[in-house]
Amino acid sequence: MKQILLQFVFVLLCVFTLTSCFELREEVYIKKDGSGTYSLTVDLSGRKQEIALTTSLTDSTNEEKNFVANIESVIQKSSESFSEIGGITHVEYNTDYENYLTGFSFDFDNVESLTAALNQLNTEPAPSKSAFEFSKKTFERNNTHYLQPLLDRAKERQKTAEDEATKRFQDYVFESASYVFIVRTEGKIKKYSNKKATYSSDDKNEVVLNYSFSGLLSGRANLDNKMKLK
1 MKQILLQFVF VLLCVFTLTS CFELREEVYI KKDGSGTYSL TVDLSGRKQE IALTTSLTDS
61 TNEEKNFVAN IESVIQKSSE SFSEIGGITH VEYNTDYENY LTGFSFDFDN VESLTAALNQ
121 LNTEPAPSKS AFEFSKKTFE RNNTHYLQPL LDRAKERQKT AEDEATKRFQ DYVFESASYV
181 FIVRTEGKIK KYSNKKATYS SDDKNEVVLN YSFSGLLSGR ANLDNKMKLK
């Protein structure tokens, strides 16, 4: 009984000390000619140890694995036409159920192809403004949202909690979760416009923008970021 109690306390410590147990991560590598690679990852690996302990105590179902499977299904269904878009190649899907990871990546010839592909993720009409722009050594991320199916899935998961305790826990999970947007470049990034962004390397060839997942869900996150490249 004492051992179980200690395990339970450890679970609570895991829950309330994790800085981010759920991360939605976008990464763009942009070359000097405007081509590059894009990847999107839904990462719940921060909860792996906590989930394992909770499962051993409550004999619960593999809810997180089911969640990853649901997200994987949404991603694959929404992006099944990627390979038909001109300028999009090497489309790959990556799912690791043991570590609660799923996502995809592809190469693009230009930002027009990149934007066209990402618009396939959205069930709504494509935004009037392109998500990305590239010209004269300037790469820009505009404040448009093409991840609506994933966000809707997250909202749906919150609403369908079976009891109030689960609802409060999931509220905490999403409140502590993070959205990360990473831009890597072939050369250095001279400057960027978003005050929330930071350089993540001394070489200044990588800029990271972090927001809470709740900010992304509510639309409070400002994703605009204009980067001047050398």
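Under the UniProt record's numbering, the first residue of the sequence shown is numbered 1, with each subsequent residue one higher.
The beta-carbon is built from N, C-alpha and C at its ideal position, and this holds for glycine as well.
The ligand COA and residue i: does any heavy atom of the ligand fall closer than 7 Å to the residue's C-beta?
i: N222; result: Within the structure as shown, the ligand COA is missing, as the structure has no ligands at all.
For residue i, tell me which candidate among the options has the shortest Cα-Cα distance.
i: A69; options: S45, E140, Y97 and E80; result: Y97
i: D33; options: L44, K137, F82 and L114; result: K137
i: Y100; options: L44, E84, D203 and T115; result: L44
i: K191; options: K204, S130 and A116; result: K204
i: S73; options: T37, F104, G87 and I189; result: F104
i: A197; options: E186, S176, E175 and A221; result: A221
i: I75; options: D109, G36, A117 and A177; result: A117
i: S35; options: N225, Y93, G86 and S78; result: G86
i: Y217; options: Y179, T37 and Y29; result: Rather than Tyr, the amino acid found at residue 217 in this sequence is Leu. If we check each option's Cα against that of L217, Y179 comes out closest.
i: F22; options: E206, D152, M227 and S176; result: S176
i: E92; options: S214, S39, M227 and Y199; result: S39
i: S214; options: S193, K195 and D152; result: D152
i: Y29; options: N119, Y199 and R184; result: R184
i: D109; options: S193, I88, K129 and L24; result: I88
i: I71; options: K129, L24, E112 and S130; result: L24
Using the rule of at least 16 other Cβ atoms within 10 Å of the residue's Cβ for burial, across every protein chain shown, is residue i buried or exposed?
i: T102; result: buried
i: R141; result: buried
i: T144; result: buried
i: E84; result: exposed
i: G219; result: exposed
i: S201; result: exposed
i: G46; result: buried
i: E26; result: buried
i: residue 234; result: This structure cannot settle anything about residue 234, because the visible part of the chain is limited to 1 through 230.
i: N225; result: buried
i: S81; result: exposed
Please list the terminal residues of the continuous alpha helix (DSSP H) segment that includes residue i.
i: E112; result: V111 to L118
i: L217; result: F213 to S218
Going by DSSP, what residue range makes up the beta strand (DSSP E) through residue i?
i: K144; result: Inspection of the sequence shows that residue 144 is occupied by Thr rather than by Lys. No beta strand (DSSP E) contains T144, which DSSP labels as neither H nor E.
i: L229; result: N225 to L229
i: S81; result: From DSSP, S81 is part of no beta strand (DSSP E); its letter is neither H nor E.
i: D203; result: Premise fails: D203 is in no beta strand (DSSP E) and is neither H nor E.
i: F134; result: F132 to S135
i: K191; result: I189 to Y192
i: E98; result: First-last for E98: undefined, no H or E at that position.
i: G36; result: G36 to D43
i: E186; result: Run containing E186: none; DSSP gives neither H nor E here.
i: L24; result: E23 to I30
Give me the Cβ distance between residue i and residue j, rounded to the nearest whole Å; I'm assuming they're in contact under 8 Å.
i: L121; j: L147; result: 6 Å
i: residue 270; j: L229; result: Outside the displayed span of the chain (1 to 230) sits residue 270, for which this structure offers no information.
i: K31; j: E186; result: 5 Å
i: T37; j: D107; result: 5 Å
i: V207; j: M227; result: 6 Å
Kindly say whether residue i, judged by its beta-carbon, lies nearer than 8 Å to any beta-carbon of chain C.
i: E26; result: Protein chain content of the structure displayed is limited to a single chain, and chain C is not contained in it.
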